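Chains as they are written, first to last, in the working numbering: chain A, 1152 to 1440; chain B, 443 to 772; chain C, 25 to 256. Backbone N, C-alpha and C define an ideal beta-carbon position, used for all residues, glycine too. Remember, it's a predicted structure, so these values are computed and weren't measured experimentally.
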């Protein structure tokens, strides 16, 4: 009995790693340019569909297609920010939200048009079912564990990038004061484009891993956005590790909820989010500047 | 010596007022000279018009972008079904009651959701809508995930039901425009316009920004609630996925952005355009939505005032006299 | 040679005109003082040169080329560095990180962390401290240091004595003439007229967006300055 619950929680933690990945991209963009991308979840899905495309046309295994997907997504994010989203910054609240909402509709329906509403999955041939057995009831799937480790590495990577590299310094400076940063020779618009490219690359990775883990369809985007968002709120703004922790808590809440009653899985997650919003609106692990 | 005075009406608004009276007369008499199909279409039209006005009030004047107002649409619809099917009340009476129920639920929701700001507020409202959808999908009395039919309407004959629904929808549309118009003409309206132009400046002038935003959210919720009841009374069947679908907000955003955000005329123009596009383009399925999305993006980037904003600026046209003009003479 | 020149420079904040055709020039190696009452347009003048305001291309020339209207980051890369009013250090970065970000101009030159710390030893002691925790004087030194790390040819200083104790102001101003020997020319906007005139070769007085007086710092009389300052 205890073993089963432990298993549930472990599954939740592993799921939470994926949510943490979703959330870090959202958090990165908000941190650097105070932009919330409503199409965030839809672009994550795009990563999964791009891997599907690589599989269908070039017969590539999703992991083999990963570098191409990540590179494509980086380029897409860069161009999108440069061409469209940079124009929405500094003009108030509405333009970025409404433009990214419009993009969400466009991406969803483009995917619907080309792939229909049927569920698809990325084949991962045995990877996804193999598991590590610990004791009687504890089985940790190799793949979910891999996803969790990837998320951990992503968080670590971002931490190092921001704290130790010149690029990270420029990003932090740009987010502090986008006028003064120009005075020291930084092209802030290019910084935003690079940051968005980075976020998109992360989203592409997350999408491919998502697609290997579960089946997906074009209308799943908004759910991904909600999970990313809830993870950020639960964890608290300002630190990647807080966001990661938020993702884990959300994952655990959902899996525990599913165990109690399949209809209530998502709701338990939502309630944890609402609870944090009610009692600790700044999040559980906020980092104050 | 010339004395200056403040005037509210313009020539255009006077002509517009006359035109509006004619339109209203035509609208009220419509059940007697038109057919059921047209009435059903107009009910939908008025529903979108009310939603557009309410969303515009919230975003264009209150500065609150919500992508979760469909929560109140769904709640209003379910309130109708709860009160009519299960509590046995007259369905037509339930429409305004539904608005009241929506407003009641919006009160604590606002307290919660107002802890978020900007983009996170937007997504938060969406999360709330999702919660309501999931909660109602799990309640067996309302038919769970597959929803239920409005049995209470079976007792009322079609010849009464359809015109009554139509006239209620017309009344709701007129009321929504009237509420927004009167609100903007009042002291609160001045506060809203000030908040729209600059929150910080208006707060420094003593305007209670939080209070004003709170009330705007409640009013907007009530409006969506009424629409939910009207719409689902018109089609006689409700289900959680339909009632809480985020596409409601997508369409409304399209209407307000393309029509002209922050004006009363804009949502009217936008709804007209939306229905025109729908009649011609909806056959193209997903491409139709892609087109809507792209048009909204382009308009937001290059024509932030929307269609009405462009026209109004070019011809200095204001049909609804909410502004004050300084004139001299007399 | 003339390093910086403006011809008929006008600048607007929306509909409000702040500068009405300013003519100005600076020789290489010179220190110029810009004085004037609040709202006279001194900061606007510096910001326009630094590329933070939209101005016509010919209005500003630097090292022989027309640079008016080029974006601020491009001007920084050309060697024009503005030390902005209010210091404006990056609060989430440490002192040393602020200095390092100054290198983003990508310009080669003599300025390194070691040299900046040699110029302002107090900064070296506080190098890992978050920038927001520094005293006013230390912040000003860090802001100047950050600008120097970009190896500029022209340093524009906007009200660097503002809010600082006289002894701190003296320490900073004592360091400035040495900069000209390193190939850095300076334009200094100051409220503290005495301090500015003591270090500058030429002085320019602004009033209501126009140059009301200019001349060699050691030749200008108190009277002339008062008149030009207040327009009496």
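query = Helix, strand or coil: which one does DSSP assign to residue 1102(A)?
reply = Lying before the first or after the last residue shown, residue 1102(A) is absent from chain A, which here runs from 1152 to 1440.
query = For residue 212(C) versus residue 57(C), is the C-beta spacing smaller than 8 Å?
reply = yes
query = Taking DSSP as the reference, what is the three-state secondary structure of residue 128(C)?
reply = helix
task = Could you please give the first and the last residue of the uninterrupted alpha helix (DSSP H) stretch that includes residue 568(B)?
result = 560-579
query = Taking the Cβ atom as the reference point for each residue, do residue 1376(A) and residue 1367(A) lie within a distance shorter than 8 Å?
reply = no
ask   = Under 8 Å between C-beta atoms, does residue 109(C) make it to chain A?
value = no
query = Touch check for the region 1308-1324 of chain A and the region 1184-1199 of chain A: three-plus C-beta pairs under 8 Å?
reply = no
message = Give me the chain C residues within the contact set of residue 1251(A), using Cβ-Cβ distance strictly less than 7 Å, ordered along the chain.
response = The contacting residues do not exist; residue 1251(A) stays about 26 Å from chain C at best.
task = Say whether chain B places a C-beta atom closer than 8 Å to the C-beta of residue 1434(A).
result = no
ask   = Taking the C-alpha atoms as reference points, what is the distance between residue 1172(A) and residue 1346(A)?
value = 16 Å
key: chain B within 8 Å of residue 1418(A), Cβ atoms only   = yes
ask   = Name the chain A residues that come within less than 8 Å of residue 130(C), Cβ to Cβ?
value = Taking the beta carbon of residue 130(C) as reference, the chain A residues within 8 Å of it are 1336, listed in sequence order.
request  = Please decide whether residue 116(C) counts as near chain A, where near means a Cβ-Cβ distance under 8 Å.
outcome  = yes
task = Kindly list the residues whose CB is nearer than 7 Å to the CB of residue 197(C), restricted to its own chain and excluding five residues on each side of it in sequence; keep chain order.
result = 219 and 223
query = Would residue 686(B) pass as a contact of residue 462(B) if the rule is Cβ separation under 8 Å?
reply = no
query = In chain A, which residues lie with their C-beta within 7 Å of the C-beta of residue 126(C)?
reply = 1335
ask   = What residues from chain A crowd round residue 105(C), counting only those whose CB sits closer than 9 Å?
value = The answer, in chain order, is 1334, 1335 and 1336.
task = For residue 1171(A), name the three-state secondary structure that DSSP assigns.
result = helix
message = For residue 696(B) and residue 1413(A), what's the separation of their Cα atoms in angstroms?
response = 36 Å
ask   = What is the C-beta distance between residue 130(C) and residue 101(C), in whole angstroms, given that I count them as a contact (C-beta under 8 Å)?
value = 6 Å
ask   = How big is the Cα-Cα spacing for residue 225(C) and residue 241(C)?
value = 5 Å
task = Could you check the C-alpha separation between residue 1440(A) and residue 91(C) for me, to the nearest Å?
result = With a pLDDT of only 43 at residue 1440(A), under the threshold of 50, the placement of this residue in the model should not be trusted, and no figure is reported.
message = Can you list, in chain order, the residues of its chain with a C-beta nearer than 8 Å to that of residue 41(C)? Leave out the 5 residues immediately preceding and following it.
response = 34, 35 and 233
request  = With a threshold of 16 other CB atoms inside 10 Å of the CB of residue 1441(A), please say whether the residue is buried or exposed.
outcome  = Limits of chain A in this structure are 1152 at one end and 1440 at the other, which puts residue 1441(A) out of reach.
ask   = Beta-carbon of residue 95(C) versus every beta-carbon of chain A: anything under 8 Å?
value = Yes, residue 95(C) counts as interfacial toward chain A.
key: Neighbourhood of residue 760(B) by C-beta, 7 Å cutoff - its chain only, sequence neighbours within 5 removed   = 452, 454, 455 and 754
query = When burial is assigned at 16 or more other CB atoms within 10 Å of the CB, is residue 77(C) buried or exposed?
reply = buried
Beta-bridge partners of residue 1415(A), as assigned by DSSP = Partner(s): none; residue 1415(A) has no beta bridge.
Residues, ordered as in the chain, of the region 1314-1333 of chain A that lie near chain C by beta-carbon distance below 8 Å = So the close ones are 1317, 1320, 1321, 1323, 1324, 1326, 1327, 1328, 1330, 1331, 1332 and 1333.
query = What does residue 226(C) pair with, by DSSP beta-bridge criteria?
reply = For residue 226(C), which the question treats as bridged, DSSP gives the partners 56(C) and 240(C).
task = Anything in chain A within Cβ reach of residue 100(C), meaning under 9 Å, just list it in chain order.
result = 1333, 1334, 1335, 1336 and 1337
Assigned exposure category for residue 474(B) - 16 Cβ within 10 Å defines buried = exposed
query = Is the CB-CB distance between residue 29(C) and residue 44(C) below 8 Å?
reply = Contact: no.
inquiry  = Looking only at its chain, what residues have a beta carbon closer than 6 Å to the beta carbon of residue 109(C), apart from the 5 residues adjacent to it on each side?
reply    = 67, 182 and 183
inquiry  = Distance cutoff 8 Å, beta carbons only. Does residue 166(C) sit that close to anything in chain A?
reply    = no
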